[in-house]
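Sequential numbering from 350 applies to the sequence shown in the working numbering. To start, the structure under review is shown below, and the notes come after it.
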Amino acid sequence: MSALLRVDGGSAITYAPIGDDDAVPENGAVLVSFARWERDRAQLDARKAPLAIQLPNTADIATIDPAVLKADLIVLQFPSFGDGRGYSQARLLRDARGYKGELRATGAAVVRDQLLGMVRCGIDSFELRADQSPESCMEALKDFSIAYQPPADDLPQIRSLRRRSMST
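Here it is, written out as structure tokens:
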């Protein structure tokens with residue numbers, strides 16, 4: 350059984366996965382595929398319960414319907430270590446599209462040593478594999494206190510620290 354982990358330490362909402370041909374319950378948090386959302390958008394939008402949409406990692410964030418950004422949760426897929434499209438999707442959702450909801454990473458490549466990089470791209474929750482310790486994964490988020498890249502989080506950049514020390 351997998352565990353859900355939120356970066357802020359809070360409790361993650363469990364969304365019931367609904368298949369593309371399954372009936373959608375009137376109540377309760379549900380997770381639907383992007384294809385299902387596109388097909389049944391009016392019905393899903395009419396619900397008064399939390400909605401999560403799982404995007405394929407092939408989705409073009411630049412051209413995606415802005416209504417997707419109203420979802421309470423967007424789930425991004427990280428199927429393998431060689432496939433970094435989920436990182437790009439997260440940054441584009443946060444920076445270019447202004448998504449304010451929860452971004453959750455899922456897949457085989459959601460492992461301890463990748464979590465901090467995912468957080469820096471704007472992801473704030475994870476579906477961990479059954480063999481991963483949530484406590485150890487939370488500790489991974491403290492492995493580094495500064496970074497080289499511009500952030501989607503609040504970790505200071507080395508470049509800004511270097512400028513600050515040179516001006517004093």
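Yeah, the Cβ is synthetic: ideal placement off N, Cα and C, and Gly gets one too. Source: prediction; values computed, not measured.
Asked	Found
Strand pairing of Leu-477, partner residues [DSSP]	Ala-352
Rounded separation between Ala-445 and Glu-484 - CA only	32 Å
Run of the beta strand (DSSP E) containing Ala-401, from where it starts to where it stops	400–403
C-beta contact flag for Ala-401 and Gly-377 at 7 Å	no
Backbone secondary structure at Val-381 - three-state DSSP	strand
Arg-453 - containing beta strand (DSSP E), residue span	451–455
Exposed unless 16 or more other CB atoms sit within 10 angstroms - verdict on Ser-351	exposed
Boundaries (first-last residue) of the beta strand (DSSP E) holding Val-424	422–426
Cα-Cα separation between Arg-385 and Leu-393, rounded to whole angstroms	9 Å
Glu-451, buried or exposed, once every other Cβ within 10 Å from all chains shown has been counted against 16	buried
Met-467 and Ala-458 closer than 7 Å at C-beta	no
C-beta atoms of Pro-435 and Leu-425 nearer than 7 Å	First, the residue type needs correcting, since residue 435 is Gly and not Pro in the sequence shown. Yes.
Reduced DSSP secondary structure (H/G/I, E/B, other) of Ala-374	Reading off the sequence, residue 374 comes out as Pro, not Ala. Correct three-state label for Pro-374: coil.
Start-to-end residues for the alpha helix (DSSP H) that takes in Ala-391	390–395
Beta-carbon proximity list for Asp-369, same chain, < 7 Å, skipping 5 on both sides	Ser-382, Ala-384, Arg-385
From Gln-403, Tyr-364, Arg-461, Asp-462, residue whose alpha carbon lies closest to that of Ala-439	Gln-403
DSSP bridge partner residues for Pro-366 (one or two, in chain order)	Leu-380
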